[in-house]
Amino acid sequence: MYDLLGPFWNSKAPKMVPRARCAGALSRWTRRRRGYNLLEVIIAAMIFSTALVLMIGLWGTYHSALTQAKNRLVAGSLARAVLEQRLASGYGALTDIVDKPQVQKFTSRSQVRGRLVSVEFTTTFLTTESAISPLFRRLVTTVEWEEDTGNKSLAYETCLFKSN
Amino acid sequence: MRGWIVSQKGNAVFLILAICGVLAIFTGAVGLGAVNNMRGTSQSSMDDQARFIAAAGVQAALARLSEPRVWPSPATPNGQGDVWSIADYNYERDHLGLWSTTSPGLHADVSVYNNTPGAFHRSSTGPDGTAIPPGRILIISSGIFDDGRGARQSTTVAALAKPAGVVFDKAAFGADKVSILDSLVDCVDSGVAGWTPASYAPYDLTVDAVRGATVASNNNISDSIVFNGGSQVDGDVMSGPSSALGAIGYYGATITGVDGTLTSAKDTNTLIAPASATPLGGGGDVNYNAGVSTLSAGTYHISGDLNLSPGAELTLTGPTVIFVDGDLAVDGAILNMDRKPSDLQIFLTGGPSTVADFVGSQGSLLIAGADVEANISDSELFGAVLGNEVSIQNSSLHYDQAVATTQLGSSNWTTDSFINHATTRVATITPPSGGPPSDPLASTTGSGGSGSGSGTGSSTSSGTGSGSSGTGSTSGSGSGTSGTGGSSTSGTGTSGTTSTSGTGTSGTTSSSGGGTGGTGHKSLCCLDYSCGPPKCMIY
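Residue numbers (my numbering), protein chains in the order written: chain G, 1 to 164; chain D, 1001 to 1539.
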């Protein structure tokens, strides 16, 4: 019987000798070495495969987190842009759209793992008269989008007073 | 050899463990990056939300300030309007809270520091010592985002608020230029019961001076305000901040008040006709021809010009406000000569090149337009005129002191630019021999005394405006108005070095002496609000 899984780098590995002649010595030698390397490799393979599975899972989570962060960043930029644009237009420009939601759709396209992925963002701008003063209006921009984990939304809110 | 072999046991495991360790570290680092990425994105979003709600807080404060004035009382402890305050008598800050309708953890906490004459708690400085110009209100709004799970973000914004309307606190004000030739500018008071223009009695300015009809300009270059020998003004004459010598050209005019410079540029707000104003003229011009026409009391909006032809007379049934998008032309006509000036307010809302001509006419009215070129000739006017350029020739302007403190055209408050109140001054200082350069601020800030440039040697001297009885602004002495601020022009040194000081916004001004031999250091002191604490660069 030969230790086929023995250390192949050992140049002084035992040669093939008759069993009867070397039975005692081989027996002692192989008893010390028997199964170690096989077990070692099996354990190592198990550890490695387990770690690999875990890490692949983590990479998936990481990728998902990155996608979520990117989507949230895009949503934030859209909400900010819509709100700033409305603020810049001034109080008068809001008069015709009080209590009338203004809906716009934006599509974000990006390469994910070599595939073109599109995410649709829906912005809803709503201005309402406030109870504080008839010249005081609330401006709310809500951005909604869809992810694997479900629907997401982000809302920015501010107010505008008619100064003159 | 056997020992070596035995020592090789587990090598593959160690190797794999090492590889796994490296991979784990790498994955952990990447994961940490992902977490930080998420956190940064979330932080950015919260920051935006906090900033927007903080801005909303400023707007809420403006809305509150623009409400009709209600003094704090047991019934309304917080007051309302520009006297909004908390009647706790403990000088607690005036504040309000604004809550988001979309997120319960999002709100703004707004504090107001009011430096208007009517303030219940008047404050001339903000919490950090920032000076608040008189007539202004500092609003500090903190937007706070708190999701209730430990994530918290706050952003604070500050705004300076000013009245959005017009205050006719000057008899004749031209942002760019005022010219008064062969004309009289004196005072009346329509607040006296039963007063009408017909009750006006001329008086001798040199004997019974009231000194209430101020003529002023925001401009500070030479001849920004010009008179001639035939002009008389019963009041002060004020040129723009940091005026150059010769900004006021008297040329023999009679002035009963003092002269000086404005501590800050006067507002010339461009008004907008309210949506509730009644349209006149069907979207075009409105012409009143010869004959008497009566206009009912109310607020009107004329999209075109307002013209009154010779022989036309316009009477009113009560207080009337007219917003005119075009020009005003009154030629040989009579306007509202049986009522007080505040009963006819004409606001010219057009842009540059808008003209208001008042020729050979009589009127009791207030005229204002930020970009207006107003020409009054051969006329008699009760009230006040505010424009970009005001020219009065062979006329009488009887300033109505009753409107000096009232905001007209709009009772709202709006945001003001901090830059408008920034002051940059250049002073020449000479360090003590052998010592380090003097602190220019220490040497130029203070009160009391009149600034004067010494003629010889090195010196630094402090100076501020004196009170209303201050001296006239002649070279080498300071002058001021109302006891606040003021400016001075420096003296000249024997070596001919000249330095010019700027104006202070809160009673600070400077003057400097000319050094000998040109050895003085120059310092540029920035008192701009945007600069933070005053800083000086010495070069």
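Glycine included, every Cβ here is placed at the ideal spot set by N, Cα and C.
Closer than 7 Å to chain G by CB, residue i
i	result
threonine 1484 of chain D	Interpretation of threonine 1484 of chain D is limited by its pLDDT of 30, a score under 50 that renders its predicted location unreliable; no figure is taken from the coordinates.
threonine 1041 of chain D	yes
isoleucine 1144 of chain D	no
methionine 1038 of chain D	yes
isoleucine 1016 of chain D	yes
serine 1141 of chain D	no
serine 1045 of chain D	yes
serine 1411 of chain D	no
aspartate 1048 of chain D	yes
valine 1083 of chain D	no
threonine 1414 of chain D	yes
valine 1226 of chain D	no
phenylalanine 1382 of chain D	no
phenylalanine 1052 of chain D	yes
glutamine 1362 of chain D	no
valine 1013 of chain D	yes
glutamine 1542 of chain D	Residue 1542 of chain D cannot be examined here, being either before or after the span of chain D that is shown, 1001 to 1539.
leucine 1065 of chain D	no
alanine 1273 of chain D	no
leucine 1062 of chain D	yes
alanine 1312 of chain D	no
Chain D contact for residue i (CB, 7 Å cutoff)
i	result
glutamate 129 of chain G	no
valine 41 of chain G	yes
serine 163 of chain G	yes
threonine 158 of chain G	yes
alanine 155 of chain G	yes
methionine 55 of chain G	yes
leucine 169 of chain G	The structure shown does not extend to residue 169 of chain G, since chain G is modelled only from 1 through 164, so no value can be given for it.
leucine 66 of chain G	yes
leucine 38 of chain G	no
phenylalanine 48 of chain G	yes
glycine 76 of chain G	yes
alanine 81 of chain G	no
lysine 152 of chain G	no
Bridge partner(s) assigned by DSSP for residue i
i	result
histidine 1398 of chain D	D:Asp1186, D:Phe1382
alanine 155 of chain G	G:Thr142
glutamate 129 of chain G	G:Arg137
asparagine 1115 of chain D	D:Arg1136
histidine 63 of chain G	Paired residues: none, contrary to the question.
lysine 1162 of chain D	D:Thr1414
serine 1141 of chain D	D:Val1110, D:Val1157
threonine 1294 of chain D	D:Thr1315
Boundaries (first-last residue) of the alpha helix (DSSP H) holding residue i
i	result
aspartate 1047 of chain D	1011 to 1065
Boundaries of the beta strand (DSSP E) in which residue i is found, first to last residue
i	result
phenylalanine 1120 of chain D	Careful: phenylalanine 1120 of chain D lies outside any beta strand (DSSP E) and carries neither H nor E.
glycine 1351 of chain D	Unbroken run through glycine 1351 of chain D: none, as it is neither H nor E.
glycine 1174 of chain D	1172 to 1181
lysine 105 of chain G	102 to 112
proline 1279 of chain D	1278 to 1280
phenylalanine 1323 of chain D	1320 to 1324
aspartate 1331 of chain D	1328 to 1331
asparagine 1375 of chain D	1373 to 1377
alanine 1368 of chain D	1362 to 1368
isoleucine 1272 of chain D	First-last for isoleucine 1272 of chain D: undefined, no H or E at that position.
valine 98 of chain G	Here valine 98 of chain G belongs to no beta strand (DSSP E), and DSSP marks it neither H nor E.
tyrosine 91 of chain G	Where tyrosine 91 of chain G is concerned, there is no enclosing beta strand (DSSP E), given that its DSSP letter is neither H nor E.
asparagine 1307 of chain D	1306 to 1308
asparagine 1287 of chain D	1286 to 1288
heavy atom of the ligand HEM below 6 Å from residue i C-beta
i	result
lysine 70 of chain G	The ligand HEM is absent from the structure shown, which contains no ligands of any kind.
Beta strand (DSSP E) segments (min. 3 residues) lying fully within the stretch 1187 to 1267 of chain D: 1215 to 1217, 1225 to 1227, 1237 to 1239, 1259 to 1261
For the stretch 134 to 147 of chain G, enumerate the residues whose C-beta is nearer than 7 Å to any C-beta of chain D, in chain order. Leu135, Phe136, Arg138, Val140
Closer than 7 Å, Cβ to Cβ, to anything on chain D: give me those residues from the stretch 83 to 104 of chain G, in chain order. Leu83
Mind listing which residues of the stretch 1144 to 1160 of chain D have their C-beta closer than 7 Å to chain G's C-betas, in chain order? none
Residues of the stretch 1326 to 1359 of chain D with a CB closer than 7 Å to any CB of chain G: list them in chain order, please. none
Chain G contacts from the stretch 1019 to 1031 of chain D (Cβ-Cβ distance under 8 Å): Ile1019, Cys1020, Leu1023, Ala1024, Thr1027, Val1030, Gly1031
Could you run through the stretch 1246 to 1258 of chain D and flag, in chain order, every residue whose CB is less than 7 Å away from some CB of chain G? none
Which residues of the stretch 109 to 121 of chain G have a Cβ closer than 9 Å to any Cβ of chain D? Give them in chain order. none
Within 8 Å of chain G by C-beta, residues of the stretch 1098 to 1118 of chain D in sequence order: Leu1098, Ser1100, Thr1101, Thr1102, Ser1103, Leu1106
Looking at chain G, which residues of the stretch 1164 to 1176 of chain D have a Cβ within less than 7 Å of any of its Cβ atoms? Ala1164
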